[in-house]
Each structure stands twice: as structure tokens, then as C-alpha cells.
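Asker:
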Amino acid sequence: MEVAYQRLGGQDIDSENKSYYIQDSWDVSDTLSLQLGLRYDDFLVQGLSEENSFDLSGNWGPRLGFTWDPFGNGDDKFYGSYGRYFIPPASNLAYRGADFGFSEFFLIPNGQAEGVVPVLGQQLTEANSNLESQGNVVDCPAGGFGAAGVDGCFVTFGRGLPERAFSKTSQQLEATNEDEFILGYTRRVDDSWTVGAALTYRRLNKVSEDITLDQFVVQYCEDNGYDVAACAARWDGSWQYVVINPGEDIDIYTRGALPGDANPTCFGSVPGTPELTNCGTLIHLTAEQLGYPKPKREYLGLEVTFERAWDGKWGLQGSYVASRSRGNYEGTVLSDNGQADAGSTILFDYPGLADFQSGLLPNHHGHQFKLFGSYQLMDNLLIGANASVISPQKYSCLGVHPTDPGAAGYGASSRYCAGTPAPRGTLMESDWIKNVDLSMSYTMPVQAWMPGELVLRASVFNVFDSKGVSQLDEVYDEDGDTPLATYGAPLAFQTPRYVRFGFDLQF
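Just so we're on the same page, this note's numbering is the position in the sequence shown counted from 1, plus 29.
1) If we ignore side chains and look at the alpha-carbon of each, how far apart do Ala156 and Gly435 end up?
2) So Thr307 and Ser298 are in contact, right, with Cβ under 8 Å, and what is the actual spacing, rounded?
3) Can you list, in chain order, the stretches of the alpha helix (DSSP H) that have 4 or more residues and sit fully within the region 242-295?
4) If you reduce the DSSP assignment to three classes, tell me which class Gln201 lands in.
5) Using DSSP with H/G/I as helix, E/B as strand and the rest coil, what is Ala416?
6) Any idea what DSSP makes of Gln535, helix, strand or coil?
7) Count the C-beta pairs between the region 410-424 and the region 391-398 that are closer than 8 Å, then say yes if the count reaches three, no if not.
8) Contact between the region 204-218 and the region 70-90: three or more CB pairs below 8 Å?
9) For Leu483, tell me which candidate among Asn409, Ala514 and Ser495 has the shortest Cα-Cα distance.
10) With H, G and I counted as helix, E and B as strand and the rest as coil, what does DSSP make of Gln318?
11) Ordered along the chain, which non-local residues of its own chain (more than five positions away) have a Cβ less than 6 Å from that of Asp104?
12) Run the CB neighbour count on Lys496, radius 10 Å, all protein chains shown included, and call it buried at 16 or more, exposed below.
13) Output the distance between the C-alpha atoms of Phe183 and Ser132, rounded to the nearest integer angstrom.
14) I'd like to check one pair, Ala521 with Gln500: are the Cβ atoms closer than 8 Å?
15) Would you call His313 buried or exposed, if buried means 16 or more other Cβ atoms sit within 10 Å of its Cβ?
16) Would you be able to state if there are at least three C-beta pairs under 8 Å between the region 480-494 and the region 437-451?
17) Are the CB atoms of Phe83 and Pro118 within a distance shorter than 8 Å?
18) Just the C-alpha distance for Phe245 and Phe335, rounded to the nearest angstrom, thanks.
19) Could you check the C-alpha separation between Glu31 and Gly178 for me, to the nearest Å?
20) Which residue wins for smallest C-alpha separation from Leu136, given the options Gly181, Tyr111, Asp278 and Lys106?
21) Buried or exposed for Asp433, going by 16 or more other Cβ atoms inside 10 Å?
22) Would you kindly work out how many angstroms separate the C-alpha atoms of Arg68 and Phe115, rounded to a whole number?
23) Is Glu332 helix, strand or coil when you go by DSSP?
24) Do you know how far the Cα of Arg326 is from the Cα of Tyr111?
25) Counting beta carbon pairs with one atom in the region 360-379 and one in the region 248-264, are three or more of them shorter than 8 Å?
26) With DSSP as the reference, label Glu359 as helix, strand or coil.
27) How should Gly481 be labelled, buried or exposed, when 16 other C-beta atoms within 10 angstroms of its C-beta is the threshold for buried?
28) How many angstroms separate the CA atom of Ser459 from the CA atom of Ala514?
29) With H, G and I counted as helix, E and B as strand and the rest as coil, what does DSSP make of Phe377?
30) Would you kindly check if the distance between the Cβ of Gly454 and the Cβ of Leu400 is under 8 Å?
31) Let me know if Gly309 comes out buried or exposed under the rule of 16 or more other beta-carbons within 10 Å of its beta-carbon.
32) Going by the CB atoms, is the gap between Tyr424 and Glu503 shorter than 8 Å?
33) Taking DSSP's pairing of strands, which residues face Tyr404 in a bridge?
34) Per DSSP, Leu85 is paired with what?
35) Cα separation between Ser78 and Thr283?
36) For Asn206, does the three-state DSSP call read helix, strand or coil?
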């Protein structure tokens, strides 16, 4: 029997984000107006060692825009904008600085164990079993069910010790940021009707994400004449998680001096951290040595709109969006495995986890149609309707990585089907999601006994009770070979039809 122990997080942390913004509007002429702005962001996160784990300053984000009325009569308008947007590092990255997970093993006494806290038999160790052949067995930490200090545990992640700030991030770390460009045109056809079109392009520039540094430190030791065995004993796969900009060269301090380094850089002592982590060796690793692809995410969308302004009787507006969202990085969370752990997705923990991740992203919907309208049926009765049609989400599969042991340790988290590459978004898709909602509001005639104006409301959502599949199971195998019967099965559907009643009372 395996007994797993997990602890996520540590003590309190602090973060501080500062922003400064200046903007000016300049009427160049009667028909041309410019909007000029500049935003400055500072991001600071204090980690578990009460040091500044993330100090990201110098984030300058320009804001530029224009509007142009070519004929000067207000019927036509061209507009555009550009902005650079910075995303602060998730405080979660510092809070997770003392994660700890390990497994210990026992025989099961008298058949199957039962209960929340099972009765355990003899603890399995390197001395009395074949555990050593199953992986890197270490001394069992304190806090489990078994004896501490015996060779009989697998540490799955972390060590439970707060990380020093100097060895937590690369020296070159920059904040996640993206650029956005918008170019649009609107035309007032008459007093009631307006049409328009807008082109939007967004491009991800940099990402700050966590990786496991251990395997690269061991390789660095081998390449530079350090004691490889001693390096591998400490950097064994869960000793040093760091935050870098994937796809770029890094300079970073190791978590503890490399074995044999006679002149490490030392940073003084901090209560609660082991003495061996108070010094570090500054190492340089190229993007090629790390082997991570540069994070990419591009969105290109064309939206066409029309609107019939409300005239007291009826109004209507609609839009169509043709778009593409493509890349290898969805964002600070990960839909593939439901990971909502902002800023610390698994995508770059090991290089193999980034293989074949490039493709149409989970938020890609190539076509979206929307229509909204309302009609004054009677003086006191207003009815409305919303309709939408959204194209499917694309899927491939998730399986066990066949060649990267670190990535394979994450189970079905790689873009492989039984060892065969399966690029993101290339194998199956969900349903087209079609939806119609209806609403009605009735204003009660004012009566002497009423304290104010009373409006009764009723809405019917998903009128036709459509049952489109909105999410599919992407897990193909859990052992690198055997397909699961649940692969491709629906995980989520449209919300069923439901009715909502309400009222507004103004007095």
C-alpha cells in the first residue's frame, strides 16, 4: 500500500503592485484626434523566507490611439490603438515555495485495509523489499505514518524548506507581457443603423514560468568538472524549482553551492532555511541547453457588427467574429488538466511537457455569431431575445511521455497517444454550441397602494434545451500504451434549459 503525503504552500506572504499612468488627448485637427498614454508597473512579491522573491520593475507600457473622421460629418470613423500590457507574477509562485510531497509504502495486514486511517502492516524499505529498483529511494521525512530516516520513500516534489530569494529566479527575469493592436471602422448609415468592422491582433512577448532546474544543474556539473554524483544526490529532481523566461538564456544561482566550489557567493542566514542554501554558485545556461521552446500565443480576429438603435419601439444588434488563437501557451492557468494554479502551470516543468503543445488553443473558436434584440410589444410589456452560435473547441490527446522521464512522472500530461506525437488540437472537436434565450419585463400600472414602480421579469435560458458537448476527455492513456475507454467521452454539456423570475421595485 502506498501512503502519499502532500503539503502545498507555507506561511504568509506579501505582494505589492504599483502603477503610474499618464494620458493626453490631442485634437490634431477637426477630424483627427490622438490619444497618447504611458503606464509604468512595479511588481514585488515577498516569499516565505521574508525576502523579495520577485522584484520586477521597469515595466513601461505605451498606450497609443487615434480616431479619424475623414469627411468631418460624423458619419464615418476610423480608429486604432496599440498597447503593451504587463501581468504581475502570481503570489502563488512565492506561496508554493515550501511545497512537499512524498510517498511511503507498507504491507497490507489481513487483506484489504479499510477506514479513513487504514491499519498498516510492515513498512517497506530498501532493506526489506525491492523499492530501490522502482526509483530513487531516499530517507523518509518526518510527518508520515512510518519511521523517519529509513530508506523507503519517494519524494515526489519539493522538500518543505523555504527557498531563498537569490536562487528562486533567473537574473534576467522579466514580467509576462503582450502587445495588442486594434484597427476599426464604423459607418452611420442613417439615424437608426450603424455598421462596423474591427481587426484585433494580440501577441505574447514574454512569460515568467516555473521550471525544474535539477537536471540542468547535474549536466552543468558534468560539463564543468564538478562532482557529478554529489550534484545528482542533491539536485535529484525536486530540489530547485525556479522562475525564468522560457526560451531564453539564463544566469541563476544554484540552491546551495555546487560540490567543490571553493568560492561560492553567500547571502547571509535567514531563519527557517537550512544553512547549506545560504550560498550559491552562479551558473549560465543557454536556451539551447535548457531545450524549452519560446512561449507563443497569437490571436487574430475580425469582428463585423451592425446595430439598429433603440427608438422606443425596437432595437437590434449583432456581430460575427472570425478568429484564430494559436500557440503553445494558453496563459497563467491550464485548461488541459484543469490546473487553476496561476503562474505555475506544468507546461515548462520539464522540456518534454512542452513537446507538440503548439496548435489551436483551448480558447480558440473560429466562428462566433451573436444576435440581440428587444421589442416593445405593449406600453408596459417589453420582450427580448439573445441568440448565439459558437464553433467547436479543438482537441488532440494527453498521454505519458515516452522519452523524458521527468515529464513521464506527471502521468497523462504530454502530447502523445501511446507514444505517438499528437500535436495540440489536431484529432477531435466538441460540438457547435447553439443557444437562444428569451426575456420579458412587465411594468405594473402604478396603484395607490404600491410603494413605487414595480417591474416583473421572466427569462428562459436555452429555450430549445440544446445539449451540445462543450468539453471532451483528452486523456488517451495512463501507462504510455493502453488506450482508455473514456478517451473522447463528453465531460461537459451546455447548461440545460431553465427559467428565472425576478422583480425590480423603485421607490
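Just so you know, even glycine gets a beta-carbon here, dropped at the ideal spot from N, CA and C.
Answerer: Result, derived from the coordinates:
1) 26 Å
2) The sequence given here has Asn at residue 307, not Thr. Sure, about 6 Å apart at Cβ, within 8 Å.
3) 243-252 and 257-263
4) coil
5) strand
6) strand
7) yes
8) yes
9) Asn409
10) helix
11) Arg217
12) exposed
13) 5 Å
14) yes
15) exposed
16) no
17) yes
18) 55 Å
19) 17 Å
20) Gly181
21) buried
22) 10 Å
23) strand
24) 17 Å
25) no
26) coil
27) exposed
28) 18 Å
29) coil
30) no
31) buried
32) yes
33) Trp343 and Ile412
34) Phe72
35) 16 Å
36) strand
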